[in-house]
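*Asks:* Residue numbers 94 to 251, in our numbering, belong to the letters of the sequence shown in order.
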Amino acid sequence: MPNLTDYIEEYIKKMLALSSDQCIEVKRRELAGKFSCVPSQINYVLERRFSPERGYLVESRRGGSGCIKIYRINGEQAKILQELIEDACKNSYDSERLRQLIERMREEKIISRREAAILEVVTGKDIYEALGLNPEQSIELRHRIFKEALHKLIKPGY
Numbered sequence: 094m095p096n097l098t099d100y101i102e103e104y105i106k107k108m109l110a111l112s113s114d115q116c117i118e119v120k121r122r123e124l125a126g127k128f129s130c131v132p133s134q135i136n137y138v139l140e141r142r143f144s145p146e147r148g149y150l151v152e153s154r155r156g157g158s159g160c161i162k163i164y165r166i167n168g169e170q171a172k173i174l175q176e177l178i179e180d181a182c183k184n185s186y187d188s189e190r191l192r193q194l195i196e197r198m199r200e201e202k203i204i205s206r207r208e209a210a211i212l213e214v215v216t217g218k219d220i221y222e223a224l225g226l227n228p229e230q231s232i233e234l235r236h237r238i239f240k241e242a243l244h245k246l247i248k249p250g251y
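And the structure:
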C-alpha cells in the first residue's frame, strides 16, 4: 500500500513528465498544502527520492518563497558529471588537468565542442594572469568557475 512519500514522489514525477524541458519549479509550502503535510515531509521526499544517483538535480531556495527547482537528468551523464563534481570539490586542479577533464566530457558527449571551447577559455590561466592574480588566487578562481560550470551543465535546460 503506497504511503504519503510515494504519492508525493509520483506527483512530482508526473509534473516532470509533462514538462517540455525536464524541469519544474514548485513552492515547498504549496506542495505541502496539496498533500496536507509539513514542508519537512517534502524535503524528505526530495532528499531520498530525487538525488543525482536517481537522475535528478534539486535546487532549493530557502526563506520567503521556498522555491524548489527539480531537473531530470540523463542517468549516464549524471553519473559521470557527479563523479567529476565530487572530484573537483576534493581537488584543486592546474590548467592542464582541467583541460583533460574538459576533453573527457567532450569525448563522452556530455558537452558539445563549443561548450568545451568555452570551458577551456574560462579555466585557462591566461585570463587570470592578465588580471594580475597570484598563482594561488588564479587556481582557486579557475577551480570555482569549473565547479559552477559543471553544476550548470548537469541541468538539461542549459
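Even glycine gets a Cβ: it sits at the ideal position worked out from N, Cα and C.
Starting from the Cα of Arg190, find the closest Cα among Glu201, Glu208, Gly217, Arg206 and give me that residue.
*Replies:* Your numbering for residue 190 matches position 97 in the sequence shown. Checked all of Glu201, Glu208, Gly217, Arg206; the closest Cα to Arg190 is Gly217.
*Asks:* Using the beta-carbon count (16 or more within 10 Å), is Ser231 buried or exposed?
*Replies:* The residue given as residue 231 occupies position 138 in the sequence shown. With 16 or more Cβ atoms within 10 Å of its Cβ, Ser231 is classed as buried.
*Asks:* Counting along the chain, where does the alpha helix (DSSP H) carrying Leu226 start and finish?
*Replies:* Here residue 226 is taken as the residue at index 133 of the sequence shown, counted from 1. Segment: none, Leu226 is in no alpha helix (DSSP H) and carries neither H nor E.
*Asks:* By the three-class DSSP mapping on this structure, what secondary structure does Lys245 have?
*Replies:* Here the question's residue 245 lines up with position 152 in the sequence shown. Three-state DSSP puts Lys245 in a helix.
*Asks:* Since Ile238 contacts Val214 with CB under 8 Å, what's their CB separation in whole angstroms?
*Replies:* On the sequence shown, position 145 is the one that residue 238 refers to. On the sequence shown, position 121 is the one that residue 214 refers to. Contact flag wrong, Cβ pair sits at about 10 Å.
*Asks:* Which one or two residues does DSSP pair with Lys162 in a beta bridge?
*Replies:* Here residue 162 refers to the residue found at position 69 when the sequence shown is read from its first residue. DSSP output for Lys162 lists Glu118, Glu152 as bridge partner(s).
*Asks:* Since I believe Arg121 is in contact with Ile161 (beta carbons under 8 Å), could you give me their beta-carbon distance rounded to a whole number of angstroms?
*Replies:* For the purposes of this step, residue 161 is identified with residue 68 of the sequence shown, where counting begins at 1. For the purposes of this step, residue 121 is identified with residue 28 of the sequence shown, where counting begins at 1. Yes, they are in contact, since the Cβ atoms of Ile161 and Arg121 sit about 6 Å apart, within 8 Å.
*Asks:* What's the call for Ala223, buried or exposed, on a 16-neighbour Cβ count within 10 Å?
*Replies:* Numbered from 1 along the sequence shown, position 130 holds the residue referred to as residue 223. Ala223 comes out exposed.
*Asks:* Count the other CB atoms within 10 Å of the CB of Leu243; is the residue buried (16 or more) or exposed (fewer)?
*Replies:* Within the sequence shown, numbered from 1, the residue matching residue 243 stands at position 150. Its Cβ being crowded by 16 or more others within 10 Å, Leu243 is buried.
*Asks:* Contact defined as beta carbons within less than 8 Å: I believe Ile204 pairs with Leu246. What is the distance between those atoms, to the nearest angstrom?
*Replies:* On the sequence shown, residue 204 is found 111 positions in, with the first residue counted as 1. On the sequence shown, residue 246 is found 153 positions in, with the first residue counted as 1. Their Cβ separation, rounded to whole angstroms, is 6 Å, which keeps Ile204 and Leu246 in contact under 8 Å.
*Asks:* Work out the CA separation of Lys106 and Ser113 for me, nearest whole Å.
*Replies:* Here the question's residue 113 lines up with position 20 in the sequence shown. Here the question's residue 106 lines up with position 13 in the sequence shown. Near 13 Å, if we compare the C-alpha coordinates of Lys106 and Ser113.
*Asks:* In three-state terms, what does DSSP make of Gly126?
*Replies:* Locating residue 126 in the sequence shown gives position 33, counting from the first residue. Helix.
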